Every structure is written in C-alpha cells, then in structure tokens.
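Protein chains in written order, with this note's numbering: chain A, 584 to 901; chain B, 584 to 901.
Contents: one structure, followed by commentary.
Protein chains: 2
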Amino acid sequence: MTGSVHVKDTVPNHQDLLDAYTRVKPFVHRTPVFKSETLDQIAGCTLYFKCENLQKVGAFKYRGATNAVLQLSETERACGVATHSSGNHGQALAKAAQVNGIASNIVMPNNAPQVKVDAIKGYGGNVTFCEPTLAARESTLKKVLDQTGAVEIHPYNNYKIIAGASTAAQEFLEQQTNLDILLTPVGGGGLLSGTCLTAHYLNPNIEVWAAEPKNVNDAFLSLKAGKIIPAPSTPTIADGLKTSLGSRNFKIIKEHVYGVLTCTEEEIISAMKLIWQRLKLVVEPSSATVLAVVLKNPALFHDKNVGLIISGGNIDTS
Amino acid sequence: MTGSVHVKDTVPNHQDLLDAYTRVKPFVHRTPVFKSETLDQIAGCTLYFKCENLQKVGAFKYRGATNAVLQLSETERACGVATHSSGNHGQALAKAAQVNGIASNIVMPNNAPQVKVDAIKGYGGNVTFCEPTLAARESTLKKVLDQTGAVEIHPYNNYKIIAGASTAAQEFLEQQTNLDILLTPVGGGGLLSGTCLTAHYLNPNIEVWAAEPKNVNDAFLSLKAGKIIPAPSTPTIADGLKTSLGSRNFKIIKEHVYGVLTCTEEEIISAMKLIWQRLKLVVEPSSATVLAVVLKNPALFHDKNVGLIISGGNIDTS
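Spelled out as structure tokens, the structure:
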C-alpha cells in the first residue's frame with residue numbers, strides 16, 4: 584500500500600494522546616461516572632466507575648476503532664479495514680467504519696453466536712467465516728486482506744488502538760480530578776496500556792493497576808518473567824480476558840503498571856452481582872474483575888480515590 | 584394524634600406538586616435520562632428512559648417516602664412512621680426516615696427474602712414479622728401503630744406519596760422538553776397518578792398512558808368498569824404490579840389517563856432483555872412493561888417523543 588513505509592510505529596507520546604482525544608471526541612459517548620455509597624462502605628475506599636459499558640457498541644473498544652479509522656489515508660479508506668474478531672472489537676470496527684462511510688471485513692469463527700454475527704452485519708460489516716482456531720482466523724484474514732487490500736486493524740496490538748483506548752482514562756481524569764488509582768481489566772492489554780500512558784503523561788501521581796482472572800493470569804506471569812507468557816487455555820467466565828498480551832501493549836505495561844492483581848471465578852461473579860445490584864448496571868464478567876480485586880485487597884486501596892474502568896456490558900442474556 | 588383533624592386529604596393541586604418538587608429535591612437523585620438509537624429504530628419512535636432504577640434505594644418510591652417524611656409535625660416525628668411492605672416502599676420509607684433522624688417500623692411477611700429484611704434493617708428500620716397474608720399484615724400494622732403512635736405511610740394510597748411520586752415526571756419534563764407521551768407502569772397507582780397530575784398541571788398536551796401485565800390487568804378493567812376492580816391473583820413476573828389500585832390513585836387516574844395497555848409475560852421478558860442489552864441497565868420486570876406495550880402498539884406511538892419512566896431496578900440476582 585502507498586505510504587506504508589512512512590507509518591509511525593512508536594509508543595504514542597503526550598501529544599499523540601491528546602490528538603486522539605480531540606479526534607475521537609465528536610464520535611464517542613462521553614460516558615458517565617457512577618458511584619455507590621454502599622459499595623464504598625463495603626470496599627473501605629471511594630470508588631468511581633467509568634461506564635464504558637455505556638459506550639457505543641457497549642464497550643471501550645469503539646474508542647480505539649474510531650481513532651484508527653479516522654487516521655486512514657484516502658487510498659486506505661477506499662480499500663476499507665479488516666480484522667478477525669468474535670467479540671467487541673469486530674462490532675466496534677464495523678460501526679466505526681460504517682459511521683465514516685468505509686467498508687469493513689470481519690473474519691469470524693463459524694461457531695460465533697448468531698447475535699454477534701447479526702450485530703456486525705447490522706453495522707454493515709462483510710463477514711467471512713472460518714474454522715474456530717487461531718490459525719484459521721489468521722490465514723483467512725490474510726486471504727481477505729490480499730483480496731480487498733484492506734488495512735488490518737488489530738484489536739489491541741496497535742498504537743492507534745492504544746491511543747484511542749487511552750481516551751477513556753483521559754475523559755475520566757477530566758470528570759474526576761481526585762483519583763489516586765486507576766484500575767482496568769487486562770486481556771490483550773489495549774485498555775491497560777492506554778490507561779498507563781494517560782496516567783504517565785497527564786498525572787504521574789496516579790497508580791495504574793490491572794485485574795485479571797486467576798485462571799488466565801498471563802499478565803501477572805508476564806510481568807514477573809519480564810517477557811510475554813502466553814495465556815493458558817483454562818476456562819474463565821471473563822471471556823474477554825482470555826487473550827495473551829500484545830508486544831506493543833506489554834512494552835508500555837511493563838514500564839508503567841504498578842501491578843496486576845488476580846481474582847477467582849467466584850470473586851468475579853460476586854463482584855458482578857454487586858455491580859448489578861448496587862449500580863443497576865449491566866457489566867461483562869471481564870469488567871467485574873476490577874471490583875473483585877479491590878474487595879480482595881482492601882489494604883492496597885484503603886481510603887483512596889479509586890477509578891475503575893468498566894470495559895463493557897455485552898453479555899448473553901439468554 | 585394532635586392535629587389529625589386538620590390534615591388535608593384532597594387531590595394535590597398545582598402548587599402542592601411544585602412544593603413537593605422543591606421539598607424532595609435536596610434529598611433525591613436527579614436521575615438521568617437514557618436513550619438508544621437501536622431501540623428507537625425497533626420502536627419506530629423516539630424513546631426517553633427516565634432512570635428511577637438509579638434513584639436511591641433503586642426505585643422511584645424514595646421520592647414519595649421522602650415527601651411524606653419531610654411533612655411530619657414535630658410530634659409526629661417523635662413517634663416515627665410505619666407501614667407494611669415486602670418491597671421497595673419498605674426500604675424507601677426506612678431510608679427516608681433514617682436520613683431525617685426519625686424511627687421507622689416496617690411490618691414484613693415472615694417469608695420475605697432475607698436480603699430485603701437486611702436492607703430495611705440496614706436503613707435502621709424496626710422490622711416486625713407477620714404471617715404472609717394481607718389480613719395479618721394489616722392487623723400487625725395496626726398493633727404496631729397502637730404501640731408506637733407512629734404515622735402510617737401507605738405505599739401509594741396517600742396524597743403525599745402521590746405528590747412525591749409526581750416529582751419523577753416533573754424532573755423528566757425539565758430534562759426533556761419535547762415529550763408527547765408519558766408512560767408508566769401501574770400497580771397500586773402511585774407513580775401513574777403522580778405522573779397524571781404532572782402532565783395535567785405542567786403540560787396538558789402530554790398524553791399519559793399506563794402499562795400493566797395482562798395477567799394482572801385490574802387497572803385496565805377498573806377504567807372500563809368505572810370502579811376499582813381488585814387485582815386477580817394470577818402470577819406475573821412483574822411482581823411490583825400485583826397490587827390493586829388505591830382509591831385516591833384511581834380518582835386521579837380515571838380523570839386523566841389516556842389509557843392502560845397490557846402485555847404478556849413473554850413480552851415483558853423480551854422487553855427487559857432489550858433494555859439490559861441496549862441500555863445496559865438493570866431494571867425490574869415491572870419497569871419493562873412500558874417498553875413492552877410500546878413495541879406491541881407501534882401505531883399509537885409512531886414518530887412520537889415517548890417518555891418512559893423506569894420505576895425501579897431491584898431484582899433478585901441469585
């Protein structure tokens with residue numbers, strides 16, 4: 584593709600983050616911050632919930648997809664974008680592309696729930712099915728890229744996606760100026776790396792922590808090992824967090840994150856119920872990990888102002 | 584009790600409604616209004632959801648309880664308040680009393696879920712258990728009233744409760760000035776009668792409609808008959824709407840409501856799932872009736888600006 588040799592592939596700097604914020608602002612919801620006195624009493628600290636479950640397509644992913652789509656050249660726009668996804672990123676990319684009048688090609692496993700397939704088609708995405716293995720997804724995506732000339736937008740291992748994801752935390756710091764800690768779930772690391780950069784550039788006094796299921800504790804192990812440890816295939820209810828860290832994400836995370844905290848499946852379910860009961864918000868199990876680790880480690884958060892990023896609210900209601 | 588002969592027991596007038604609004608304002612949440620483009624497309628009209636599930640104690644009931652508690656005389660305050668309730672009103676009254684430093688006495692059936700008992704005790708309520716029949720609830724409440732000298736605050740058949748409930752619609756009209764229709768669920772009729780009065784005094788061009796389960800269609804039948812028809816004991820998932828209309832509520836409703844629409848259990852469940860999926864809000868089945876009847880009667884609402892009051896979000900998460 585023209586211009587591809589000029590593409591910058593370096594960690595976003597302060598100005599890149601601010602530019603992403605300005606760029607996506609007209610396209611994304613400024614999501615609200617929720618509070619609950621009862622949850623504060625239970626947790627022994629003051630909790631602020633940044634509601635990205637109320638973001639377009641029900642997840643923070645729309646921020647990164649929008650930031651990536653808005654930076655395509657004219658030539659790239661003509662060819663569209665592509666990714667493989669069975670989850671929120673596919674919907675986010677399809678909608679961001681639709682809103683900007685360009686084509687999107689989404690490779691999905693042939694066992695993906697019909698509701699997700701319908702959602703992506705509803706956003707005008709061209710769906711190509713493949714066998715439900717990572718190898719098949721990657722080889723099918725390669726075929727689609729070759730046929731269409733589309734630009735691949737990786738769900739997290741992409742600096743434009745990371746800068747886009749950072750806008751959730753940037754908005755949060757504007758809405759809530761007293762935060763001592765920011766806490767996000769970690770799967771591939773898009774939201775966490777973006778949040779790390781936000782704190783680093785905008786308010787380095789803020790500690791950034793991450794939460795993940797004990798069953799898929801690859802971020803915890805990767806930090807300890809100093810290199811990316813692939814995610815184990817152990818099942819978890821937090822299915823958005825099954826992915827291994829991306830190399831670009833890990834580069835940022837290992838430099839800036841305070842620590843990764845893990846929680847059991849029972850703790851995730853219990854935290855999810857608390858959020859449903861107390862905040863009346865539908866959140867994904869992945870998003871409940873952040874509350875679960877706060878409740879599990881009260882000493883770490885005692886009396887602090889803790890900002891929790893609720894990553895999404897897309898659940899199977901059947 | 585002193586002064587009881589002077590107590591006004593007439594339909595609230597315009598000024599009474601405005602006074603209730605000013606009175607409760609410092610004590611209640613100004614709940615947000617939610618929207619969803621997808622739901623608008625499905626419904627063929629523009630829907631505004633007034634989120635009283637995000638009200639304190641998770642239901643609009645806190646408005647009426649607060650309005651009633653704030654109007655107690657000094658003598659009455661010393662004796663406290665009382666009611667029988669297995670639901671949201673008990674919690675609302677206990678918390679409103681606690682916030683204002685007075686005692687509350689709540690009669691509950693001995694088969695009430697422990698979580699509801701705990702919630703009321705958590706708000707400082709004195710709980711008295713009784714057999715789970717209406718007769719036992721009323722006789723036990725009478726005993727409590729005799730012993731304590733407390734003021735009975737009926738959950739809906741009380742003009743202060745009605746004026747308090749009206750503040751949800753008053754707030755809604757401030758937030759959304761383009762509404763053609765207001766729609767609430769109807770059980771005992773507290774929210775509906777308050778909403779009728781709000782439209783009548785503040786904007787009589789607004790049509791007020793009500794929604795109820797087909798299985799418990801006593802409001803529909805009562806309007807048709809011109810007199811209160813008791814609620815049948817048919818089961819419904821919308822358990823907040825099982826009550827019969829109060830006489831004060833019916834007096835207002837029969838004069839001002841445009842109509843009552845009913846929906847099946849399946850339609851309630853389907854609407855509730857749509858709200859969970861699209862708005863990411865936890866709502867009670869009772870609250871989902873309003874969306875269910877819009878989807879069932881598209882011609883009535885076509886292209887209108889429709890305000891739906893989501894009455895509460897207290898569900899059993901087990």
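Glycine included, C-beta positions come from ideal geometry on N, C-alpha and C.
On a predicted model such as this, the values are computed, not experimentally measured, just so you know.
Near residue 677 (chain B), which residues of its chain fall below 7 Å by C-beta distance, leaving aside the five closest residues on each side in sequence?
-> Within the second sequence, the letter at position 94 stands for residue 677 (chain B). Answer for residue 677 (chain B): 687, 689, 703, 706, 707 and 708, listed in chain order.
Rounded to whole angstroms, what's the CA-CA distance from residue 869 (chain B) to residue 842 (chain A)? Just pull it up for me.
-> Taking the second sequence and counting its residues from 1, the one referred to as residue 869 (chain B) is at position 286. Taking the first sequence and counting its residues from 1, the one referred to as residue 842 (chain A) is at position 259. Those two C-alpha atoms are separated by around 43 Å.
Could you pull out every residue in the same chain whose Cβ sits closer than 7 Å to the Cβ of residue 586 (chain B), ignoring the five residues on either side in sequence?
-> Stepping through the second sequence from its first residue, residue 586 (chain B) is reached at position 3. With a pLDDT of only 44 at residue 586 (chain B), under 50, the local geometry of the prediction cannot be trusted, and the value read off the model is given with reservation. Within the same chain, residue 586 (chain B) has close Cβ partners 656.
Span of the beta strand (DSSP E) holding residue 711 (chain A)?
-> As a first step, residue 711 (chain A) must be located in the first sequence, where it is residue number 128. Residue 711 (chain A) -> beta strand (DSSP E) spans 709–713.
If we ignore side chains and look at the alpha-carbon of each, how far apart do residue 680 (chain A) and residue 650 (chain A) end up?
-> Numbered from its first residue, the first sequence carries residue 680 (chain A) at position 97. Numbered from its first residue, the first sequence carries residue 650 (chain A) at position 67. Cα-Cα distance, rounded: 11 Å.
Note down, in chain order, each residue of its chain lying with its Cβ closer than 8 Å to the Cβ of residue 885 (chain B), except the 5 sequence neighbours on either side.
-> Translated into positions along the second sequence, residue 885 (chain B) becomes position 302. Hits under 8 Å: 627 and 628.
Residue span of the alpha helix (DSSP H) that contains residue 597 (chain B), given as start and end | The count along the second sequence starts at 1 and reaches residue 597 (chain B) at position 14. 597–607 is the span of the alpha helix (DSSP H), which, as asked, contains residue 597 (chain B).
Listing by chain order, which chain B residues have their CB less than 8 Å from the CB of residue 647 (chain A)?
-> As a first step, residue 647 (chain A) must be located in the first sequence, where it is residue number 64. The premise fails here: residue 647 (chain A) is roughly 19 Å from chain B at the closest Cβ pair, so nothing lies under 8 Å.
When DSSP labels each residue in this structure, what does residue 617 (chain A) get in the three-state scheme?
-> On the first sequence, position 34 is the one that residue 617 (chain A) refers to. Looking at residue 617 (chain A) - three-state DSSP - the assignment turns out to be strand.
Check residue 776 (chain B) in the structure and name its three-state DSSP category.
-> The residue you call residue 776 (chain B) lines up with position 193 of the second sequence. Residue 776 (chain B) falls in the helix class under three-state DSSP.
For the beta strand (DSSP E) that contains residue 795 (chain B), what are its first and last residues?
-> The residue labelled residue 795 (chain B) in the question sits at position 212 within the second sequence. Segment 790–796, the beta strand (DSSP E) holding residue 795 (chain B).
Please decide whether residue 584 (chain A) counts as near chain B, where near means a Cβ-Cβ distance under 8 Å.
-> Sequence index remark: in the first sequence, residue 584 (chain A) carries index 1 (1-based). A caution first: residue 584 (chain A) carries a pLDDT of 43, below 50, which makes its placement in the model unreliable, though a value can still be read off. With 8 Å as the cut-off, residue 584 (chain A) does not count as an interface residue toward chain B.
By Cβ distance below 6 Å, which residues in the same chain neighbour residue 674 (chain B) in space, the five residues on each side in sequence not counted?
-> To locate residue 674 (chain B), count along the second sequence from 1; it is residue 91. Excluding residues within five positions, the ones whose Cβ falls inside 6 Å are 640, 702 and 703.
For residue 691 (chain B) and residue 608 (chain A), the rounded distance between their alpha carbons | The sequence position of residue 608 (chain A) within the first sequence is 25, counting from 1. The sequence position of residue 691 (chain B) within the second sequence is 108, counting from 1. Cα to Cα, the separation comes out at about 50 Å.
Out of B:867, B:899 and B:854, point me to the one whose CA is closest to residue 564 (chain B)'s CA.
-> Since the displayed chain B opens at 584 and closes at 901, residue 564 (chain B) lies outside it and no answer follows.
Roughly how far, in whole angstroms, is the beta-carbon of residue 736 (chain A) from the beta-carbon of residue 744 (chain A), given that I think they are within contact range, below 8 Å?
-> As a working note, residue 736 (chain A) is residue 153 in the first sequence. As a working note, residue 744 (chain A) is residue 161 in the first sequence. That belief holds up - the Cβ atoms of residue 736 (chain A) and residue 744 (chain A) are roughly 7 Å apart, short of 8 Å.
What residue range is occupied by the uninterrupted alpha helix (DSSP H) comprising residue 742 (chain A)?
-> Within the first sequence, the letter at position 159 stands for residue 742 (chain A). Residues 742–758.
Can you grab the Cα-Cα spacing for the pair residue 856 (chain B) / residue 850 (chain B), in whole Å?
-> In the second sequence, counting from the first residue as 1, residue 856 (chain B) sits at position 273. In the second sequence, counting from the first residue as 1, residue 850 (chain B) sits at position 267. If you take the alpha carbons of residue 856 (chain B) and residue 850 (chain B), they lie about 10 Å apart.
Residue-chain proximity (residue 891 (chain A), chain B), Cβ-Cβ < 8 Å | What you label residue 891 (chain A) is simply residue 308 of the first sequence in a count that begins at 1. By this cut-off, residue 891 (chain A) is not an interface position.
Report the option in A:896, A:898, A:892 and A:900 whose CA atom is closest to the CA atom of residue 631 (chain A).
-> The sequence position of residue 631 (chain A) within the first sequence is 48, counting from 1. That would be A:892, whose Cα lies nearest to the Cα of residue 631 (chain A).
Should residue 584 (chain B) go down as buried or exposed, given a rule of 16 or more other Cβ atoms within 10 Å for buried?
-> Residue mapping note: residue 584 (chain B) aligns to position 1 of the second sequence, counting from 1. Low confidence applies to residue 584 (chain B): its pLDDT is 43, below 50, so where it sits in the model is not reliable enough to give any reading.
Residue 748 (chain B) beta carbon less than 8 Å from that of residue 773 (chain B) = In the second sequence, counting from the first residue as 1, residue 773 (chain B) sits at position 190. In the second sequence, counting from the first residue as 1, residue 748 (chain B) sits at position 165. Yes. Within cutoff.
Got a sec: which bits of the segment 850–865 of chain B sit with their beta carbon under 7 Å from any beta carbon on chain A, in order along the chain?
-> 856, 859, 860, 863, 864 and 865
If we ignore side chains and look at the alpha-carbon of each, how far apart do residue 715 (chain B) and residue 800 (chain B) end up?
-> Translated into the one-based positions of the second sequence, residue 715 (chain B) becomes position 132. Translated into the one-based positions of the second sequence, residue 800 (chain B) becomes position 217. Whole-angstrom Cα-Cα distance: 23 Å.
Taking only beta carbons into account, state which residues of the segment 627–641 of chain A come closer than 7 Å to chain B, listed in chain order.
-> 636, 637 and 641
Within the same chain, show all residues whose beta-carbon is closer than 7 Å to that of residue 898 (chain A), passing over the 5 residues directly before and after it, in chain order.
-> Locating residue 898 (chain A) in the first sequence gives position 315, where the first residue counts as 1. So the qualifying residues of the chain are 865 and 867.
Would you please state the rounded distance, in angstroms, between the beta carbons of residue 614 (chain A) and residue 634 (chain A)? I believe it to be under 8 Å.
-> Working through the first sequence from its first residue, we reach residue 614 (chain A) at position 31. Working through the first sequence from its first residue, we reach residue 634 (chain A) at position 51. Sure, about 5 Å apart at Cβ, within 8 Å.
Of the residues A:758, A:610 and A:658, which one's Cα is nearest the Cα of residue 638 (chain A)?
-> Working through the first sequence from its first residue, we reach residue 638 (chain A) at position 55. The option with the nearest alpha carbon to residue 638 (chain A) is A:610.
8 Å Cβ cut-off: residues of chain A touching residue 900 (chain B) | In the second sequence, residue 900 (chain B) corresponds to position 317, counting from 1. Neighbours of residue 900 (chain B) on chain A, chain order: 856, 859 and 860.
Roughly how many angstroms lie between the CA atoms of residue 815 (chain B) and residue 700 (chain A), to the nearest whole one?
-> Taking the second sequence and counting its residues from 1, one reaches residue 815 (chain B) at position 232. Taking the first sequence and counting its residues from 1, one reaches residue 700 (chain A) at position 117. Their Cα atoms are separated by approximately 43 Å.
Under 7 Å by beta carbon: chain B residues contacting residue 896 (chain A) = The count along the first sequence starts at 1 and reaches residue 896 (chain A) at position 313. Within 7 Å Cβ-Cβ: 863.
Span of the alpha helix (DSSP H), counted from its first residue to its last, around residue 832 (chain A) | Here residue 832 (chain A) corresponds to residue number 249 of the first sequence, with the count starting at 1. That run of the alpha helix (DSSP H) goes 830–839.
Given 8 Å, three or more beta-carbon pairs between the segment 776–792 of chain A and the segment 832–848 of chain A = yes
Would you please verify whether the beta carbon of residue 597 (chain A) is less than 8 Å from any beta carbon of chain B?
-> Numbered from its first residue, the first sequence carries residue 597 (chain A) at position 14. No, no contact with chain B.
Backbone secondary structure at residue 764 (chain B) - three-state DSSP = Stepping through the second sequence from its first residue, residue 764 (chain B) is reached at position 181. Correct three-state label for residue 764 (chain B): strand.
Identify every residue that forms a DSSP beta bridge with residue 667 (chain A).
-> As a first step, residue 667 (chain A) is located in the first sequence; it is residue number 84 there, counting from the start. A:690, per the DSSP bridge assignment.
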